[in-house]
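Asker:
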Amino acid sequence: NQQKQESKSSASELRGHLLYIAGGIIAVLGLIETNRKNSQEHIRQVHAARRDRYIEAVDKLSSKQASVRLGGVYALVGLVDEWLDDDNIDKETRIKEGQIIINNLCSYIRSPFPLAEKIEEYEARKRLEELKKKEPKSLSTMDSLQLMLLDERFTDTIDEKKIEQITAKYAKIQEEQDVRRTIFVEMSKRSSTFAKDKKGRVIYTLPGMWSDFDFDFSRAPIFYPLNAITIEKGNFSSAKFYSKANFSKTTFAQSANFSNATFTQSANFSNATFTQTAYFGGTTFTQDADFSRATFTQYAIFLWATFTQDVDFIATTFTRNVDFIATTFTQDADFSRATFTKNTDFSRATFTKDADFSKATFTKDADFSGAIFTKNEPTFVRMNSFTRKKLRAQFSVHSAQEDYNFLVRSGSKPIPPGEAELDGIKRQIPAGAVLFDPMSKKDQFGNYKQSAPAK
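With my numbering applied, the sequence shown corresponds to residues -1 to 453, in that order.
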């Protein structure tokens, strides 16, 4: 009986311990569930508050005050960063939420700004007033000429009231320029970064925080500089550029699309870097276009583009195929010292004025078939006025003869033919140009082995 009693006591104690442990586990599980629900509720509230802030920030973009609009831009940029840093949701959702805000910023860039069409007139009138305030003796020759031209252009009398109106409108333009450029600057800070070699060529790309987003600036009115920044995905198709378009020293991290865009004044792409394909098909350059020392790492497409004034490709580097098919150069086209590493196609292009290819280097195929030179024959050899040294275009000896096509269209000024020989290989190239071997060792002056000038 005593053993049975002790056994019952032990069993009772064990049941008590088990019930105690079970109760503790239930309590812990309940606490965990409560915390989970509280955490989920907190996350839901954070997301809800973030969306409320998004609506408020978008509303600020429609404000008449530039400072408020700028505040809206910074608020939206900050919200994108918050979504990307949110570890409580998966990457796909983070990108989706951020893309919604990016779309709003791009929509703002694309929104019309009527005063942009008059920016050139405002700038010209402002310049006229500045020149009039100067003492005639202090004006340079260029200033005097500009003053005369502006006086002839603006014959209407401007009273103080009209000057105040012009100044006020110009101030609004400058304010909006700052707001819109800020969007690009903030995008640039979060775009890809690059490692470059000594020649400035991109050898490695590190994606940025915003590299996964899509950016659409198509049909946008651009009336502010976009120089010295990084543009991740530059879709400027059918955009219209007012005032002087400035992309100098800008890097396009992915493809750059300027197809069917219109530049109403000068376009400056000097020292720009295109890391992927650059589309300029059907683009209209109304005034001077400067691509000097630019680098095209992938394909460069200028199919059916129109250059109404001078175009400058001096010392430009084309690493892949270049397409100038049916492109129209209405004024001087300068490709001196340009480097074409892959195939180059100028077939059916029209050169109305001088075309300078002196000291240009063609490493692969060069096609000028059906091109038209209406004023002068193209220049493949030029005399350097300082050193009296001739600057000769160079063509690779490794390309087959059929890859060099210089048969221009009927009625065009001809490309004077000549024959050059290097290492027993003869090629028909423009007279005065030379063959070179890009596989040879460079000499002490950094030149590849080359032939005598073609005769």
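Each residue gets a CB set at the ideal place from its N, CA and C atoms; glycine is no exception.
Contact defined as beta carbons within less than 8 Å: I believe S290 pairs with I227. What is the distance between those atoms, to the nearest angstrom?
Answerer: No, S290 and I227 are not in contact; Cβ-Cβ is about 19 Å, not under 8 Å.
Asker: Which stretch, first to last residue, makes up the alpha helix (DSSP H) that contains V65?
Answerer: Sequence check: residue 65 is Ser here, not Val. From DSSP, the alpha helix (DSSP H) with S65 extends over A64 to L82.
Asker: Tell me where the alpha helix (DSSP H) around M146 begins and ends.
Answerer: It spans T139 to R151 - the alpha helix (DSSP H) in which M146 sits, taken as one unbroken run.
Asker: Alpha carbons only, please: which of D176, S264 and T326 is nearest the one belonging to G69?
Answerer: Nearest C-alpha to G69: D176.
Asker: Assign K167 to one of three DSSP states: helix, strand, or coil.
Answerer: Here K167 sits in helix by DSSP.
Asker: Between M381 and the ligand PLP, is the CB less than 8 Å from at least one heavy atom?
Answerer: This structure simply doesn't include the ligand PLP, nor any ligand for that matter.
Asker: Would you be able to state if there are at least three C-beta pairs under 8 Å between the region 387 to 406 and the region 352 to 360?
Answerer: Touching, per the Cβ criterion.
Asker: Excluding sequence positions up to five away, which residues of its chain have a Cβ less than 6 Å from the Cβ of G368?
Answerer: Result list for G368: S345, R346 and R407, in chain order.
Asker: Alpha carbon to alpha carbon, what distance is there between D321 and K231?
Answerer: Going from the Cα of K231 to the Cα of D321 covers about 21 Å.
Asker: What does the Cβ neighbour count give for I53, buried or exposed, with the cut at 16 atoms within 10 Å?
Answerer: Answer is exposed; the Cβ neighbour count stays below 16.
Asker: Which residue marks the beginning of the alpha helix (DSSP H) containing Y106, and which one marks its end?
Answerer: Unbroken alpha helix (DSSP H) run through Y106: K89 to R108.
Asker: Determine the contact status of A276 and A254, defining contact as a CB-CB distance below 9 Å.
Answerer: Yes.
Asker: Closer than 8 Å by C-beta to I312: which residues in its own chain qualify, once you throw out the five before and the five after it? Chain order, please.
Answerer: These residues qualify, in order along the chain: S290, R291, D332, F333, S334, R335 and A336.
Asker: List, from N- to C-terminal side, the alpha helix (DSSP H) runs of 4 residues or more that fit wholly inside the region 277 to 345.
Answerer: Here no run is fully enclosed.
Asker: Is the beta carbon of L59 less than 9 Å from the beta carbon of Y106?
Answerer: Yes, Cβ-Cβ distance for L59 and Y106 is below 9 Å.
Asker: Could you spell out where the alpha helix (DSSP H) holding L126 opens and where it closes?
Answerer: Where L126 is concerned, the enclosing alpha helix (DSSP H) stretches over I117 to K131.
Asker: Is the Cβ-Cβ distance between F300 and A270 less than 9 Å?
Answerer: No, the Cβ-Cβ distance between F300 and A270 is not below 9 Å.
Asker: In this structure, does DSSP put E375 in helix, strand or coil?
Answerer: Of the three classes helix, strand and coil, the one that applies to E375 here is coil, per DSSP.
Asker: By DSSP, does A265 sit in helix, in strand, or in coil?
Answerer: It is a strand residue.
Asker: Would V432 pass as an interface residue toward chain C - the criterion being a Cβ-Cβ separation below 9 Å?
Answerer: Note that chain C does not occur in the displayed structure, where there is just one protein chain.
Asker: In angstroms, rounded to a whole number, what distance separates the CA positions of K135 and L129?
Answerer: Between K135 and L129, the C-alpha separation is close to 12 Å.
Asker: In three-state DSSP terms, what is S394?
Answerer: DSSP places S394 in strand when its eight states are reduced to three.
Asker: Which residue's Cα is closest to the Cα of V56: P223, H45 and A73?
Answerer: The candidate whose alpha carbon is nearest that of V56 is A73.
Asker: Examine the Cβ distances between the region 135 to 150 and the region 91 to 99 and report whether three or more of them are shorter than 8 Å.
Answerer: These segments do not touch.
Asker: May I ask you to list the residues that DSSP assigns as paired with L204?
Answerer: Its beta-bridge partners are T191.
Asker: Starting from the C-beta of M207, find all residues in its chain whose C-beta is less than 8 Å away, skip the five residues before and the five after it, and write them out in chain order.
Answerer: Excluding residues within five positions, the ones whose Cβ falls inside 8 Å are D79, L82 and R188.
Asker: Kindly indicate which three-state DSSP category D57 falls into: helix, strand or coil?
Answerer: Correct three-state label for D57: helix.
Asker: Do R108 and F239 have their C-beta atoms within less than 9 Å of each other?
Answerer: Against a cut-off of 9 Å, the Cβ pair of F239 and R108 comes out as no contact.
Asker: Could you name the residues of the same chain whose beta carbon sits closer than 6 Å to that of I454, not counting the 5 residues immediately before and after it, in chain order?
Answerer: Any answer about residue 454 is impossible in this case: the structure gives the chain only from -1 up to 453.
Asker: Excluding the five sequence neighbours on either side, which residues of its own chain have a C-beta within less than 7 Å of the C-beta of E419, listed in chain order?
Answerer: Closer than 7 Å at Cβ, skipping near neighbours: S449.
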